[in-house]
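To keep things clear, I will list the structure first and then write my remarks on it.
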Ligand SMILES: Cc1cc2nc3c(=O)[nH]c(=O)nc-3n(C[C@H](O)[C@H](O)[C@H](O)COP(=O)(O)O)c2cc1C
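In the numbering used here, the protein residues as written are 230 to 450.
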């Protein structure tokens, strides 16, 4: 893999113009399980996976354990997941189990989002947040390279048998990976139910109007 660029954009960005500005891939990304071949391979796959390691990581514990499953191994994973669902979700209807099997077999690649909690001064919650941040980097990297994915999970991800089958100490979920179908691309983004003004407070006292000017779309200008 080539050396990463040493610097962020310089000078710092002060306005975002045009549809393809520097933040567009983060603002436009979406998850989808409607995936076809191909999934990333070779140096692109390695670079995508390496973005997980760039997540903030208190104490540099490197808790991530990623497992790439593709080709015939997906059937083994689907069988192991099915057994985990049977063990952890007693009474799950056959249709639900069938749906999960189909999902895992349909995705060109499944990434198991494993992690290794470590004892010590860094709380486990913080390690888990690093794992989640790494998974977000993966989703963004997939989107930015023209691929896509969806993070899925359930109580069955805490099943010891499934973790053993994947050779990971713990699991926060699976990521379905491939190329979004044309229909998924056309559908694109889900509508945000929350406007930026509803979850962002500028300053400590919300009663004082902030000085940051807002555009009609609510993005600080
Ligand atoms: C930890 C975690 C587990 C998830 N598990 C599932 C799941 O099992 N099934 C599902 O349909 N979506 C699941 N989601 C939500 C999807 O990954 C995705 O965020 C959702 O479909 C919304 O799409 P968006 O990312 O384009 O907003 C999960 C998300 C997270 C963060």
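Each residue gets a CB set at the ideal place from its N, CA and C atoms; glycine is no exception.
Round the Cβ separation of residue i and residue j to the nearest angstrom and send it over; I've been treating them as touching at under 8 Å.
i, j, result
"residue 340", "residue 360", "About 12 Å separates the two Cβ atoms, so there is no contact after all."
"residue 372", "residue 258", "4 Å"
"residue 296", "residue 395", "5 Å"
"residue 355", "residue 287", "5 Å"
"residue 384", "residue 318", "6 Å"
Could you check whether the Cβ of residue i sits closer than 8 Å to any heavy atom belonging to ligand 1?
i, result
"residue 262", "yes"
"residue 379", "yes"
"residue 428", "no"
"residue 258", "yes"
"residue 382", "yes"
"residue 407", "no"
"residue 433", "no"
"residue 419", "yes"
"residue 456", "It is not possible to answer for residue 456, since the shown part of the chain is limited to 230 through 450."
"residue 401", "yes"
"residue 343", "no"
"residue 363", "no"
Using CA coordinates, which residue listed in the options is at the minimum distance from residue i?
i, options, result
"residue 382", "355, 415, 311", "311"
"residue 387", "431, 309, 248", "309"
"residue 413", "247, 238, 260, 255", "260"
"residue 370", "242, 240, 280, 246", "280"
"residue 391", "417, 273, 274, 315", "315"
"residue 364", "327, 374, 328, 380", "380"
"residue 344", "376, 368, 397", "397"
"residue 419", "240, 246, 256", "256"
"residue 254", "429, 368, 422", "368"
"residue 375", "362, 294, 277", "277"
"residue 294", "399, 366, 417", "399"
"residue 262", "271, 321, 409, 299", "409"
"residue 290", "357, 429, 389, 417", "357"
Expressed to the nearest angstrom, what Euclidean distance is found between the alpha-carbon atoms of residue i and residue j?
i, j, result
"residue 244", "residue 285", "26 Å"
"residue 411", "residue 249", "20 Å"
"residue 325", "residue 303", "18 Å"
"residue 333", "residue 433", "46 Å"
"residue 273", "residue 427", "38 Å"
"residue 292", "residue 424", "34 Å"
"residue 450", "residue 328", "Unreliable placement is indicated for residue 450, whose pLDDT of 42 sits below 50; the coordinate value is still reported in the next sentence. Near 45 Å, if we compare the C-alpha coordinates of residue 328 and residue 450."
"residue 407", "residue 436", "47 Å"
"residue 305", "residue 313", "12 Å"
"residue 241", "residue 415", "33 Å"
"residue 442", "residue 431", "Summary for residue 442: the model assigns pLDDT 49, below 50, so the residue's position carries little reliability; its value from the coordinates is reported in the next sentence. Their backbone Cα atoms lie some 11 Å apart in a straight line."
"residue 301", "residue 422", "40 Å"
"residue 307", "residue 321", "16 Å"
"residue 448", "residue 275", "Unreliable positioning characterises residue 448 in this predicted model, as indicated by a pLDDT of 49, which lies under 50. The coordinate reading is nonetheless provided below. Roughly 34 Å between the two C-alpha positions."
"residue 417", "residue 393", "36 Å"
Just checking: is the beta-carbon of residue i within a distance shorter than 9 Å of some beta-carbon in chain D?
i, result
"residue 418", "Of the chains in the structure shown, none is chain D; there is only one protein chain."
Stretch pair the region 347-360 + the region 402-416: three plus CB contacts closer than 8 Å: The region 347-360, when compared against the region 402-416, does not touch it at the 8 Å Cβ threshold.
Cβ contact (3+ pairs, closer than 8 Å) linking the region 259-275 and the region 331-338: Output reads yes: the region 331-338 touches the region 259-275.
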